Amino acid sequence: FLTSSVLVLRALVSLMPCIAIGPREEEEEAEEEEEEEDEEDAGPPPAPTLRVLFVDVDGVLNSRPDSRLLMLEKAPCILLRRCLEATGAQLVLTTPWRRHRGYVAQVLGNFGVFGDEGAPQDVEATPFNADDTRRDLEIL
Numbered sequence: 343f344l345t346s347s348v349l350v351l352r353a354l355v356s357l358m359p360c361i362a363i364g365p366r367e368e369e370e371e372a373e374e375e376e377e378e379e380d381e382e383d384a385g386p387p388p389a390p391t392l393r394v395l396f397v398d399v400d401g402v403l404n405s406r407p408d409s410r411l412l413m414l415e416k417a418p419c420i421l422l423r424r425c426l427e428a429t430g431a432q433l434v435l436t437t438p439w440r441r442h443r444g445y446v447a448q449v450l451g452n453f454g455v456f457g458d459e460g461a462p463q464d465v466e467a468t469p470f471n472a473d474d475t476r477r478d479l480e481i482l
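Sequential numbering of the sequence shown, starting at 343, is according to this note's numbering.
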């Protein structure tokens, strides 16, 4: 009687779904192959949804800063336009000129920074920090 019960129990165990006793080796290998195929088909991870380019004007877009007049140079403006087009980034001003964002946007537009779209009405800017020596805190 005991041996027949063991045989019946073994037969029942072989009929149970794999979830109860775990997958067989062939099933594990098949799952690993499917996961590898899925990883290959997935491609690179998606790009971030928002890219930001923090721009200073004095000493970056011009080599001779003047606090009274916004003077830009053509070559750095062309490089800025190319960078914005290549990355799809949004321009954010970190310059002291950000107090006059509309004016800066117009001047940058005149130099072709925004491409064929023309200058936006206003550009984004970092907030002002009370400590002028810690401009890094304005970006955070």
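From the three backbone atoms N, C-alpha and C, an ideal C-beta is built for every residue, glycine too.
If you're wondering where the values come from, they're calculated on a predicted model, not measured in any experiment.
So does the segment 418-438 actually touch the segment 463-470, counting three or more Cβ pairs closer than 8 Å?
-> Touching, per the Cβ criterion.
**Q.** N-terminal and C-terminal residue of the alpha helix (DSSP H) that residue 448 is part of
**A.** 443-452
How big is the Cα-Cα spacing for residue 374 and residue 427? 41 Å
Sequence-distant residues of its chain with Cβ nearer than 8 Å to residue 406 (five each side left out) = Same-chain partners within the cutoff: 413.
Neighbourhood of residue 397 by C-beta distance below 8 Å, restricted to the same chain and skipping five residues each side: Contacts found: 403, 422, 433, 434, 435, 436, 437.
Roughly how many whole angstroms lie between the Cα atoms of residue 392 and residue 431?
It is roughly 7 Å from the alpha-carbon of residue 392 to the alpha-carbon of residue 431.
Drop a sphere of 10 angstroms on the beta-carbon of residue 395, count the other beta-carbons inside from all chains shown, and report buried for 16 or more, exposed for fewer.
exposed
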